[in-house]
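S.K.:
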Amino acid sequence: MKIIQEHIVRHQERFSDHPFFVRLSTDPPLERLAPFPVCLTFFVMTFQDILRICDERATDPEYKRMVHRHRLEDAGHDRWFLGDLAALGVAPPTAAELFGEPHHASRDASLALLSDALGARHDTCRLTLLLTLESAGHVFFERVARYLVRVGERRRLRYFSQAHLDIEKAHDIFEEDTDARIEAIVLDQEERAEALRVSDRCYRELTGMFDAFEAQIAAGAARPQARPSMPQPARGAALRFARTPVLRPSARRRGGAR
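By the UniProt record's numbering, the letter at position 43 of the sequence shown is numbered 43, and the numbering carries on one by one without gaps.
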């Protein structure tokens, strides 16, 4: 599977240059990133089903061991996400909101990836799907965690934290011996071609989802901010999305943490 791993790395490098991550590098206030992070809700929840389906449908004992271990390592991260929304003062979307227009890009990507998990004909493709998702996750969590540190975010977050990234990088499939076993797997022509297509589709869907997030953020940033007639306290800056959840800016060190 060495050719698959190298293919995933090339996708990962391109993904790291996505405009969303470029925007994070400019350190905008968190409340100016709406609809992020609420827009991730459908994807985060569906990801647990992708893990479950890949695990339940794996048949080869060696693949099954790796996929099952990976599922266990990522279990509960959906609860971390919901906990972070609460810490940020953002109510999770209702079912009606989750299936509304603002979340369509997240649904499209999530359902496409779920379809790959359901339709995979080889365990190779199930493992490839998880490896590809993890590679994108490393980019996302690293960029977001660094951004939050730079802007002085001090609330106790778990899903969006450096600790989460450290846990992701410590997964069994990234251990040296496991990585070597994956690299040494010999694929026939059909398995290799399908695994490459899975990786391509995964990054295409993720890129499309982040394209939509970036477009929504850019549209919101282009709208002029209302200027209050009276001075307002720092707490309570609104992140307008769906039911207008309120994202409360963290208290920052004097002069701003950088």
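The beta carbon of each residue, even a glycine, is placed where N, CA and C say it ideally should be. Just so you know, these numbers come straight off a predicted model, no measurement behind them.
Express the C-alpha separation of Glu97 and Pro19 in angstroms, rounding to a whole number.
M.R.: Walking along the sequence shown from the start, residue 19 turns up at place 19. Walking along the sequence shown from the start, residue 97 turns up at place 97. For Pro19 and Glu97, the distance between alpha carbons rounds to 26 Å.
S.K.: Starting from Ile4, trace the alpha helix (DSSP H) in both directions and tell me its first and last residue.
M.R.: As a working note, residue 4 is residue 4 in the sequence shown. Run containing Ile4: Lys2 to Phe15, per the alpha helix (DSSP H) assignment.
S.K.: Please confirm if the region 82-95 is in contact with the region 9-28, defined as three or more CB-CB distances below 8 Å between the two stretches.
M.R.: In short, these stretches do not touch, since the Cβ pair count stays below three.
S.K.: The ligand NAD and Ser106: does any heavy atom of the ligand fall closer than 7 Å to the residue's C-beta?
M.R.: Absent from the structure shown: the ligand NAD. Ligands present: none.
S.K.: Determine the closest residue to Leu187 out of Cys202, Leu127, Asp108 and Phe99, with distance taken between C-alpha atoms.
M.R.: To locate residue 187, count along the sequence shown from 1; it is residue 187. Per the Cα distances, Leu127.
S.K.: How would you call Asp74, buried or exposed, if buried means at least 16 neighbouring beta carbons within 10 angstroms?
M.R.: The residue given as residue 74 occupies position 74 in the sequence shown. Classification of Asp74: buried, given that the 10 Å Cβ count is 16 or more.
S.K.: Between which residues of its own chain and His164 is the CB-CB distance below 8 Å, once the five residues before and five after are set aside?
M.R.: Translated into positions along the sequence shown, residue 164 becomes position 164. Counting only Cβ-Cβ distances below 8 Å, and skipping sequence neighbours, we find His77, Trp80, Phe141, Ala145 and Arg158.
S.K.: What do you reckon, are the CB atoms on Met209 and Ala109 nearer than 8 Å?
M.R.: Translated into positions along the sequence shown, residue 209 becomes position 209. Translated into positions along the sequence shown, residue 109 becomes position 109. Yes, the Cβ-Cβ distance between Met209 and Ala109 is below 8 Å.
S.K.: Leaving aside the five residues before and after Gln216 along the sequence, list all residues of the same chain whose C-beta is less than 6 Å from its C-beta, in chain order.
M.R.: Taking the sequence shown and counting its residues from 1, one reaches residue 216 at position 216. These residues qualify, in order along the chain: Pro35.
S.K.: Among the residues of its own chain, which have a CB less than 6 Å from the CB of Lys2, if the five just before and after it don't count?
M.R.: Residue numbering aside, residue 2 sits at position 2 when the sequence shown is read from its first letter. So the list reads Glu183, once near-sequence residues are dropped.
S.K.: Using alpha carbons as the reference points, say which of Gly137, Ala218, Leu114 and Ile185 lies closest to Gln162.
M.R.: Counted from its first residue, the sequence shown places residue 162 at position 162. When only C-alpha atoms are compared, the closest one is Gly137.
S.K.: Could you compute how far the alpha carbon of Arg32 sits from the alpha carbon of Arg71?
M.R.: Working through the sequence shown from its first residue, we reach residue 32 at position 32. Working through the sequence shown from its first residue, we reach residue 71 at position 71. Roughly 34 Å separates the two Cα atoms.
S.K.: Using alpha carbons as the reference points, say which of Leu30, Ser135 and Ala58 lies closest to Leu118.
M.R.: If you number the sequence shown from 1, residue 118 lands on position 118. With distances taken between Cα atoms, Leu118 lies closest to Ala58.
S.K.: Give the straight-line distance between the Cα atoms of Gln48 and Ile8, rounded to the nearest whole angstrom.
M.R.: Here residue 48 refers to the residue found at position 48 when the sequence shown is read from its first residue. Here residue 8 refers to the residue found at position 8 when the sequence shown is read from its first residue. Spanning the two alpha carbons is a distance of roughly 21 Å.
S.K.: Between the Cα of Asp166 and those of Val151, Ala180, Thr178 and Arg143, spot the shortest distance and give me the residue it belongs to.
M.R.: As a working note, residue 166 is residue 166 in the sequence shown. Checking every option, the nearest Cα to that of Asp166 belongs to Arg143.
S.K.: Decide if Ser106 is buried, meaning its Cβ has at least 16 other Cβ atoms within 10 Å, or exposed.
M.R.: For the purposes of this step, residue 106 is taken as the residue at position 106 of the sequence shown. Flag for Ser106 reads buried.
S.K.: Alpha carbons only, please: which of Thr41, Arg69 and Ser16 is nearest the one belonging to Thr178?
M.R.: What you label residue 178 is simply residue 178 of the sequence shown in a count that begins at 1. Of the listed residues, the one whose Cα sits closest to Thr178 is Arg69.
S.K.: Just how far apart, CA to CA, sit Gly100 and Arg181?
M.R.: By 1-based counting over the sequence shown, the position of residue 100 is 100. By 1-based counting over the sequence shown, the position of residue 181 is 181. Gly100 and Arg181: Cα-Cα distance of roughly 43 Å.
S.K.: If we ignore side chains and look at the alpha-carbon of each, how far apart do Asp211 and Leu133 end up?
M.R.: Taking the sequence shown and counting its residues from 1, one reaches residue 211 at position 211. Taking the sequence shown and counting its residues from 1, one reaches residue 133 at position 133. So the two alpha carbons sit approximately 17 Å from each other.
S.K.: Taking only the alpha-carbon atoms, compute the straight-line gap between Arg83 and Leu30 and give it to the nearest angstrom.
M.R.: Along the sequence shown, read from residue 1 onward, the residue named residue 83 stands at position 83. Along the sequence shown, read from residue 1 onward, the residue named residue 30 stands at position 30. Contrary to the premise, residue 83 reads as Gly rather than Arg in this sequence. So the alpha carbons of these two residues sit roughly 17 Å apart.
S.K.: Taking the C-alpha atoms as reference points, what is the distance between Leu85 and Ile185?
M.R.: Translated into positions along the sequence shown, residue 85 becomes position 85. Translated into positions along the sequence shown, residue 185 becomes position 185. Straight-line Cα distance between these residues: approximately 40 Å.
S.K.: Using 10 angstroms around the beta-carbon of Ala120, count the other beta-carbons present and answer buried if the total reaches 16, otherwise exposed.
M.R.: Position 120 of the sequence shown holds residue 120. Looking at its Cβ environment, which holds 16 or more other Cβ atoms inside 10 Å, Ala120 is buried.
S.K.: Taking the continuous alpha helix (DSSP H) assigned at Ser141, which residues delimit it?
M.R.: Reading the sequence shown from its first residue, position 141 is the one you call residue 141. Residue identity differs from the one stated: residue 141 is Phe in this sequence, not Ser. Start and end: Asp123 to Arg150.
S.K.: Let me know the secondary structure DSSP gives Ala218 once reduced to three states.
M.R.: Counting from 1 along the sequence shown, the entry for residue 218 is found at position 218. Note: Ala218 maps to helix in three-state DSSP.
S.K.: If the criterion is Cβ atoms closer than 8 Å, does the pair Leu113 and Leu129 meet it?
M.R.: Residue 113 sits at position 113 when you count from the first residue of the sequence shown. Residue 129 sits at position 129 when you count from the first residue of the sequence shown. Cβ atoms of Leu113 and Leu129: closer than 8 Å.
S.K.: Sort Arg52, Asp200, Glu205 and Arg223 by Cα distance to Glu6 and report the nearest one.
M.R.: Indexing the sequence shown from 1 puts residue 6 at position 6. The candidate whose alpha carbon is nearest that of Glu6 is Asp200.
S.K.: Hey, would you say Glu194 sits closer than 8 Å to His122, going by beta carbons?
M.R.: For this step, residue 194 is matched to residue 194 along the sequence shown. For this step, residue 122 is matched to residue 122 along the sequence shown. Result yes, Cβ atoms of Glu194 and His122 sit closer than 8 Å.
S.K.: I believe Leu206 touches Phe15 by the beta-carbon criterion, under 8 Å. Please report the beta-carbon distance rounded to the nearest angstrom.
M.R.: Position 206 of the sequence shown, counted from the first residue, corresponds to residue 206. Position 15 of the sequence shown, counted from the first residue, corresponds to residue 15. Indeed, because the Cβ distance is near 7 Å, the residues count as touching under 8 Å.
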